[in-house]
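Asks:
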Amino acid sequence: YSFADDAVTEITVVVETKKVTLIWNLNDEYEFGEELGTPVIEGLDSSKYTVTGLPASGTADTADGYTVTVTITDSNYAFADGSVTAEKTITVNAKKVEISWNTTYSYSYGDNLPVPTIEGLEAGVDYTVEYSDENGTLENGYIAHVGEYKVKVTLVNGNYTLGTDETTLTIN
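Residue numbers (my numbering): 300 to 471.
1. In the DSSP assignment, what are the bridge partners of L321?
2. How many angstroms separate the CA atom of S431 from the CA atom of H444?
3. Check whether the Cβ atoms of G352 and L335 sit closer than 8 Å, and answer yes or no.
4. My understanding is that T368 touches E328, with C-beta atoms under 8 Å, so please give their C-beta distance in whole angstroms.
5. Can you find a C-beta in chain C that's less than 8 Å from the C-beta of E429?
6. Out of G419, V414, E418, E421, point me to the one whose CA is closest to T427's CA.
7. Just mark N471 as buried or exposed, buried being the case when its beta carbon has 16 or more other beta carbons within 10 Å.
8. Report buried or exposed for V455, applying the criterion of at least 16 other Cβ atoms within 10 angstroms of its Cβ.
9. Which stretch, first to last residue, makes up the beta strand (DSSP E) that contains F378?
10. If you draw a straight line from the alpha carbon of S345 to that of I322, how long is it in whole angstroms?
11. Out of curiosity, what's the CA-to-CA distance linking A379 and I417?
12. For L325 and K387, which I take to be in contact (beta-carbon distance under 8 Å), what is that distance rounded to the nearest angstrom?
13. Closest by CA to G423, which one among V319, V450, N458, T349?
14. Can you tell which of G446, I310, V396 has the C-alpha that lies nearest to the C-alpha of D464?
15. Thinking T366 and T349 are a contact (beta carbons under 8 Å), I'd like their distance in whole angstroms, please.
16. Between which residues of its own chain and E330 is the CB-CB distance below 6 Å, once the five residues before and five after are set aside?
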């Protein structure tokens, strides 16, 4: 190109960013212990964007809400709306676990009270078992007499919830 002197004082070059599509690969809700998805940007190398808010393990650390943020770090790219950041909130709910109740036992005076089994509970998760009869809570953990006992299980961990946490134990 050739221009006459002083004919052009300014040239503006418009370079548009390439529009990319975000694929969340995330559900709105998960259960504790379930593997989470990972967002990706279609056709864009993962070195050109960051994903924050997800645990490195790929599984939620706690039953809670998580805000996941995807940020494009390469200025040549943007989402369809022109933004370079997108957020999504996901919820990780407590995992429902079930107790195996065997409610009829044949025990003798002084035997230890039975401990229910909790299926689906991760090893090392604490819980308490409380036994009571018509006289109140049993403190010694031993069978005092034949009859019915209320059994209540309480989890000490918010990542789990019990389906049924109470039953009646009959000692014959």
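Glycine is no exception: its CB is placed at the ideal position from the N, C-alpha and C atoms.
Replies: Inspection of the coordinates gives the following:
1. I340
2. 12 Å
3. No, Cβ-Cβ distance for G352 and L335 is not below 8 Å.
4. Not confirmed; about 19 Å, so no contact.
5. Although the question refers to chain C, the structure presented lacks it and comprises just one protein chain.
6. V414
7. Using a 10 angstroms sphere on the CB of N471, the tally of other CB atoms stays under 16, which defines it as exposed.
8. Counting of Cβ neighbours within 10 angstroms places V455 among the exposed residues, the total staying below 16.
9. 376-378
10. Using only the alpha carbons, I get a separation of about 13 Å.
11. 49 Å
12. 6 Å
13. Nearest of V319, V450, N458, T349 to G423, Cα basis: N458.
14. V396
15. The pair is not a contact, with the Cβ atoms about 14 Å apart (cut-off 8 Å).
16. Result list for E330: N392, K394, in chain order.
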